[in-house]
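Data first, discussion second: the structure below is written as structure tokens.
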Amino acid sequence: MATDLQLTSISEKDLEQCLKCSICTVYCPVSSVTTLYPGPKHAGPDGERYRMKDRRFFDEDALKMCLNCKRCEVACPHGVQIGDIIMSARMKYSRHSAGLRDFMLANTDLMGTVATKVAPIANYMTKAAPVKSILHNVMGIEKNRTFPDYARQTFESWYRKEAAESQDKFEKQVSYFHGCYVNYNFPQLGKDLVKVMNAIGYGVKLLEKERCCGIALITNNMPSQAMRQGKTNLKSMQLSVEQGRPVISTSSTCTFTMRSEYEHILHLDNEVAKNNLSLATRFIYRLIEEGNVRLAFQKDFHMKVAYHTPCHMERMGWAVYSTNLIKMIPGVDFIMLDSQCCGIGGTYGFKKENYSISQKIGEKLFHQIQESQVDCVATDCETCKWQIEMSVSTPVMNPISILAQALDVEETRRLNKKPDKQD
Amino acid sequence: MKFDNIIIGGGLSGLTCGIRLSQEGKKVAIISAGQSTLHFGSGSLDLLGYDEEGNTVEHPLDAIDHLNKNHPYRKIGADRIENLTAEAKKLLDECGIHMTGSVQKNHYRITPMGVLKPTWLTLENYATSPSATELPWRSVIIANVAGFLDFPVEFIADGLAKLGTRPEVEIISIPTLKARRHSPSEMRSANIAKILSSEETLEQIAEVLNGMEETAEAILMPAIVGLDKEETEASLKQKVRRPLLLLPTLPPSVPGIRIQTMLQKQFTHLGGLYLLGSTVTNGNVSNGKLEYVMTSTMMDEKLTADNYILATGSFLSDGLKSNYERIYEPILDLDVEASKNRAEWIDPNVFNAQPYHSFGVKTNENFQPSLKGQTLENMYAIGSVLGGHNAIHQADGTGVSMMTALAVANRLINKI
């Protein structure tokens, strides 16, 4: 046999594996509701063939319509990384740098640091009609969108004051990648995580240095900043792992970004994340499954919960961990919602030009939630939470917060305490 | 994670088997590497359309005994097939997939090329004929949507004319569909069906169809309604004065997607776990038993079960693969029935039965595969990954999927 034969696919992101079967186009939430987007097949592998020949085939306005949900990749029977092809093309061929609006939306760390310092004013401002009107007309940030409130105290500063000291007494430790949302907007989720982990006998540490995972920088085409932040996070994770602490997160998108986008879009060596970064629900579920942890629940806890699968959760294939964990709670009446995009796409739905598309995409999900008559929707993504809470009146909780509410902390602590060790 | 049964592959065979097992209270996981070939479906399920010589089969049950002994139907036995077809029909009904047809006698579906093919069951509201040589109408209107290219009307019109039916072609549209043409690459059946899901658009389409001259007996339309539910088709039919029937289109297939969706809903409703977008990468075999499988998405998580069912499909679905040297099954490298001589894989005449279409995983009478000659006690193979039949040449693919799925499920249910 000739030795120079090409035996396997060598195309980047498995471009050559595309059979043109069009299955991906059926599951694209964007092309289902607008003709402005030519769909994943055309924007992805089809278009890339042309772009490889001549960059003039790069249609930035069309490709910008992709909300990076990766549902095309989940549907593809041949493993073509369609979403990655589209996102990489934007980085590779675009000659535009991000404008002020996109810069502000993507720099969650910077905005959060400033806003939490003046949280009451910032929260008032983002609700005030004249401000919203300026944001809408001048900046292009949709006026009908509700902004998440900023917290008066960041999670990190709460942690340092209230929790850090007591974590050392635990023999087993994890590091918590809290993400921007927990830090600046919703520290309660971080507090819930500490509560649950402590109850099962794990101390929670912060990473030496944590930066925003960078997903918004990737989707808003700011790759060099995303890479800088990515490297910082990976370095901190490496240090944490060397010190015997695996890393957990409560955000499906942060987790997905560092496990997958770092490698596929930013070309960072993220082995440390792939091997040691887990979603908190997965981490806890597996401890229970292996018989290393037991949970005890309050007898009088009752909640009707519907789980919504965030797009990046669907792509990771980990929804089963969150849902299995919720289903373990005896007082929970559980409903699984159809897996479909809520429409927000991170910063996508905040942009004036995308708002109506974003809401149209979510319609079916909103309808199903309303029909379900649940007490709360559980989901692992903060932007899905904003979108659902804004569009439907049902409150949205992270599974970890539900767990924290349902847990009998004292009893759980007792169950997981080693018999030979006293407090 | 532990299950009673793990099914690798989430298409027609995997879901049929998964539903049957879940009905008996088994804890079942289906792992599916992307969406299935049901997305290329015709809206019909074939049992056996042609014999090995290519002659049309009228009575499929009678023809089974004449198949080669390696054919999956022969392994099940003609006598049991009849019962299994009844079971399959019941299962489909319970999923809300309403089909008509009889195992005693094939009827004929109309392909998107305007040709008649023998088949077993067809979705209600789809055009069929009881005869292989003529259609039930003297004249029909073929009404296609302007800009929808996956429905070659001229071919269909030619085909119908050859069968003695006078076709009239009408190109129709409504404002929302005209607007859809702005993105021609997305002017596809499923996207059109998403538009034609509201009462408002259905009214508009019906108005156009009712405005046509009433010379033809029936209107034939491409399958661009009823993506989520059958009721949408019924609603449109009710609004149109003349008989309205659907014809399958080129992929993606609206009827196929609906069958997939309904089966999947039923499976999860019965408590099954459907993991989409996850590929089984490998597994560990020890003492003639598969101990666990690993997936592309769940890292070091070992998925274990009492029994494993391989329903990964044929070459198109990567259930079988080939390189320059051999045909192989990519997960465990199970024994396959395939010629070792590459020159024998294909017939140079593309219209002849292609040998490679009959290649597949080698199994015993119970559909248990083997590894280096040793039978795997707790593993089964079902559907298109099986060899010994030719879905294209014999029109038996969907039948093999459902029959083998039910045969294996029943064996697992009755064994314990």
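The listed protein sequences derive, respectively, from chains A and B. Going by the working numbering, the first sequence opens with residue 1, and the numbers climb by one from there. Going by the working numbering, the second sequence opens with residue 1001, and the numbers climb by one from there. Where is the CB? At the ideal position from N, CA and C, for every residue including glycine.
Checking 7 Å against the spacing of the C-beta atoms, do A:Gly203 and A:Gln229 come in under that value? Reading the first sequence from its first residue, position 203 is the one you call residue 203 of chain A. Reading the first sequence from its first residue, position 229 is the one you call residue 229 of chain A. No. Outside cutoff.
Residue-level contact to chain A via CB, B:Pro1118, 7 Å cutoff: Mapped onto the second sequence, residue 1118 of chain B falls at position 118. Residue-level contact by beta carbon fails for B:Pro1118 and chain A, as no gap is shorter than 7 Å.
If contact means a Cβ-Cβ distance below 8 Å, which residues of the segment 1186-1198 of chain B contact chain A? Near chain A, meaning a CB-to-CB distance below 8 Å, the residues of the segment 1186-1198 of chain B are Glu1186, Arg1188, Ala1190, Asn1191, Lys1194.
Give me, in chain order, the residues of the same chain whose beta-carbon lies closer than 6 Å to that of A:Leu217; leave out the 5 immediate sequence neighbours on both sides. Reading the first sequence from its first residue, position 217 is the one you call residue 217 of chain A. Around A:Leu217: Ala106, Gln225, Ala226.
Backbone CA spacing between B:Gln1023 and B:Glu1087 [nearest angstrom]: If you number the second sequence from 1, residue 1023 of chain B lands on position 23. If you number the second sequence from 1, residue 1087 of chain B lands on position 87. Approximately 13 Å between the Cα atoms of the pair.
Could you tell me the alpha carbon to alpha carbon distance between B:Tyr1073 and B:Ile1195, rounded to whole angstroms? Along the second sequence, one-based indexing puts residue 1073 of chain B at 73. Along the second sequence, one-based indexing puts residue 1195 of chain B at 195. The straight-line gap from Cα to Cα measures roughly 41 Å.
From this set, B:Met1379, B:Leu1015, B:Lys1075, which residue's C-alpha is nearest B:Val1293's C-alpha? Position 293 of the second sequence holds residue 1293 of chain B. Sorting B:Met1379, B:Leu1015, B:Lys1075 by C-alpha distance to the C-alpha of B:Val1293 places B:Met1379 at the top.
Counting pairs of beta carbons, one from the segment 1266-1285 of chain B and one from the segment 1118-1132 of chain B, are three or more of them closer than 8 Å? Touching, no.
Three-way DSSP call (helix, strand, coil) for B:Leu1045 in this model: Your numbering for residue 1045 of chain B matches position 45 in the second sequence. Looking at B:Leu1045 - three-state DSSP - the assignment turns out to be strand.
Listed by chain order, chain A residues near B:Asp1318 by CB distance under 8 Å: One-based indexing of the second sequence puts residue 1318 of chain B at position 318. Neighbours of B:Asp1318 on chain A, chain order: Pro77, His78.
Taking only beta carbons into account, state which residues of the segment 39-67 of chain A come closer than 8 Å to chain B, listed in chain order. Per Cβ criterion, the list reads Gly39, Lys41, His42, Asp46.
Pairwise C-alpha distance: A:Lys360 and B:Leu1209: Counting from one through the second sequence, the residue named residue 1209 of chain B turns up at place 209. Counting from one through the first sequence, the residue named residue 360 of chain A turns up at place 360. Rounded to the nearest angstrom, the gap between the Cα atoms of B:Leu1209 and A:Lys360 is 29 Å.
Quickly, what does DSSP pair B:Leu1220 with across the bridge? List them, please. Here residue 1220 of chain B is taken as the residue at index 220 of the second sequence, counted from 1. The partner list for B:Leu1220 (beta bridge, DSSP) reads B:Ile1142, B:Leu1245.
Is B:Leu1310 close to chain A? Criterion is C-beta to C-beta, closer than 7 Å. Indexing the second sequence from 1 puts residue 1310 of chain B at position 310. It does not; no Cβ of chain A falls within 7 Å.
Going by the CB atoms, is the gap between A:Tyr150 and A:Glu382 shorter than 7 Å? Numbered from 1 along the first sequence, position 382 holds the residue referred to as residue 382 of chain A. Numbered from 1 along the first sequence, position 150 holds the residue referred to as residue 150 of chain A. Cβ atoms of A:Glu382 and A:Tyr150: not closer than 7 Å.
Based on the DSSP output, what are the partners of B:Asn1378 in its beta bridges? The count along the second sequence starts at 1 and reaches residue 1378 of chain B at position 378. Beta-bridge analysis with DSSP links B:Asn1378 to no other residue.
Please confirm if the segment 1039-1058 of chain B is in contact with the segment 1240-1254 of chain B, defined as three or more CB-CB distances below 8 Å between the two stretches. Contact annotation: the segment 1039-1058 of chain B touches the segment 1240-1254 of chain B, with at least three C-beta pairs closer than 8 Å.
Opposite A:Thr232 in the DSSP bridges: which residues? By 1-based counting over the first sequence, the position of residue 232 of chain A is 232. Answer is none; A:Thr232 lacks a bridge partner.
Which same chain residues end up closer than 7 Å to B:Leu1376 when comparing Cβ atoms and leaving out the 5 residues on each side of it in sequence? Here the question's residue 1376 of chain B lines up with position 376 in the second sequence. Contacts found: Val1285, Gly1288, Lys1289, Leu1290, Gln1368, Pro1369, Ser1370.
Same chain only: Cβ atoms within 7 Å of A:Arg328, ignoring 5 sequence neighbours per side: Walking along the first sequence from the start, residue 328 of chain A turns up at place 328. First, the amino acid is wrong: residue 328 of chain A is Met here, not Arg. Apart from sequence neighbours up to five positions away, the residues of its chain that approach A:Met328 with a beta-carbon distance below 7 Å are Leu295, ordered along the chain.
Ordered along the chain, which non-local residues of its own chain (more than five positions away) have a Cβ less than 7 Å from that of B:Arg1241? Counting from 1 along the second sequence, the entry for residue 1241 of chain B is found at position 241. Result list for B:Arg1241: Asn1210, in chain order.
Would you mind working out which of A:Glu289, A:Ser88, A:Ala122 sits nearest A:Tyr262, comparing C-alpha positions? One-based indexing of the first sequence puts residue 262 of chain A at position 262. The residue among A:Glu289, A:Ser88, A:Ala122 with its C-alpha nearest the C-alpha of A:Tyr262 is A:Ser88.
Endpoints, alpha helix (DSSP H) assigned at B:Glu1230: Translated into the one-based positions of the second sequence, residue 1230 of chain B becomes position 230. Secondary structure note for B:Glu1230: its alpha helix (DSSP H) is the uninterrupted segment 1230-1239.
For the segment 1163-1184 of chain B, which residues have a beta carbon sitting closer than 9 Å to at least one beta carbon of chain A? So the list reads Ala1179, Arg1180, Arg1181, His1182, Ser1183, Pro1184, given in the order they occur along the chain.
I'd like to check one pair, B:Ile1008 with B:Leu1310: are the Cβ atoms closer than 7 Å? Here residue 1310 of chain B is taken as the residue at index 310 of the second sequence, counted from 1. Here residue 1008 of chain B is taken as the residue at index 8 of the second sequence, counted from 1. Yes, Cβ-Cβ distance for B:Leu1310 and B:Ile1008 is below 7 Å.
For a test of the three-state rule: what should DSSP assign to A:Phe334, helix, strand or coil? Position 334 of the first sequence, counted from the first residue, corresponds to residue 334 of chain A. In this structure, A:Phe334 counts as strand in the three-state DSSP scheme.
7 Å is my cut-off, CB to CB: does A:Thr25 come that close to chain B? Locating residue 25 of chain A in the first sequence gives position 25, counting from the first residue. For A:Thr25, the nearest beta carbon of chain B is closer than 7 Å to its own beta carbon.
May I have the straight-line CA-CA distance separating B:Ile1091 from B:Ile1259, to the nearest angstrom? Here residue 1091 of chain B refers to the residue found at position 91 of the second sequence. Here residue 1259 of chain B refers to the residue found at position 259 of the second sequence. Correcting the residue type first, residue 1091 of chain B is Leu in the shown sequence and not Ile. Approximately 12 Å, taken between the alpha carbons.
My output table needs one value for B:Thr1295: the three-state DSSP class, helix, strand or coil. Position 295 of the second sequence, counted from the first residue, corresponds to residue 1295 of chain B. Three-state DSSP puts B:Thr1295 in a strand.
For a test of the three-state rule: what should DSSP assign to A:Gln422, helix, strand or coil? As a working note, residue 422 of chain A is residue 422 in the first sequence. Confidence is the limiting factor: at A:Gln422 the pLDDT is only 45, short of 50, which leaves the residue's position unreliable, though a coordinate-based value still follows. It is coil, neither helix nor strand.
Give me the Cα-Cα distance between A:Gly343 and A:Glu208, rounded to the nearest whole angstrom. Indexing the first sequence from 1 puts residue 343 of chain A at position 343. Indexing the first sequence from 1 puts residue 208 of chain A at position 208. A:Gly343 and A:Glu208 have their C-alpha atoms roughly 34 Å apart.
Suppose you measure from the CA of B:Arg1342 to the CA of B:Glu1329; what does that come to, to the nearest Å? Sequence index remark: in the second sequence, residue 1342 of chain B carries index 342 (1-based). Sequence index remark: in the second sequence, residue 1329 of chain B carries index 329 (1-based). Between the alpha carbons of B:Arg1342 and B:Glu1329 lies a gap of roughly 16 Å.
Tell me which residue opens and which closes the alpha helix (DSSP H) that A:Phe256 is part of. Walking along the first sequence from the start, residue 256 of chain A turns up at place 256. In this chain, the alpha helix (DSSP H) harbouring A:Phe256 covers 252-256.
Note the first and the last residue of the continuous alpha helix (DSSP H) segment covering A:Glu363. Taking the first residue of the first sequence as 1, we reach residue 363 of chain A at position 363. That run of the alpha helix (DSSP H) goes 355-372.
Report back the beta-carbon spacing between B:Leu1121 and B:Lys1089 to the nearest angstrom; my notes put them in contact at under 8 Å. Counted from its first residue, the second sequence places residue 1121 of chain B at position 121. Counted from its first residue, the second sequence places residue 1089 of chain B at position 89. Separation of the CB atoms of B:Leu1121 and B:Lys1089 is rounded to 7 Å, and the pair is thereby assigned contact status at 8 Å.
What residue does the alpha helix (DSSP H) around B:Phe1267 start on, and which one ends it? Here residue 1267 of chain B is taken as the residue at index 267 of the second sequence, counted from 1. Unbroken alpha helix (DSSP H) run through B:Phe1267: 1254-1269.
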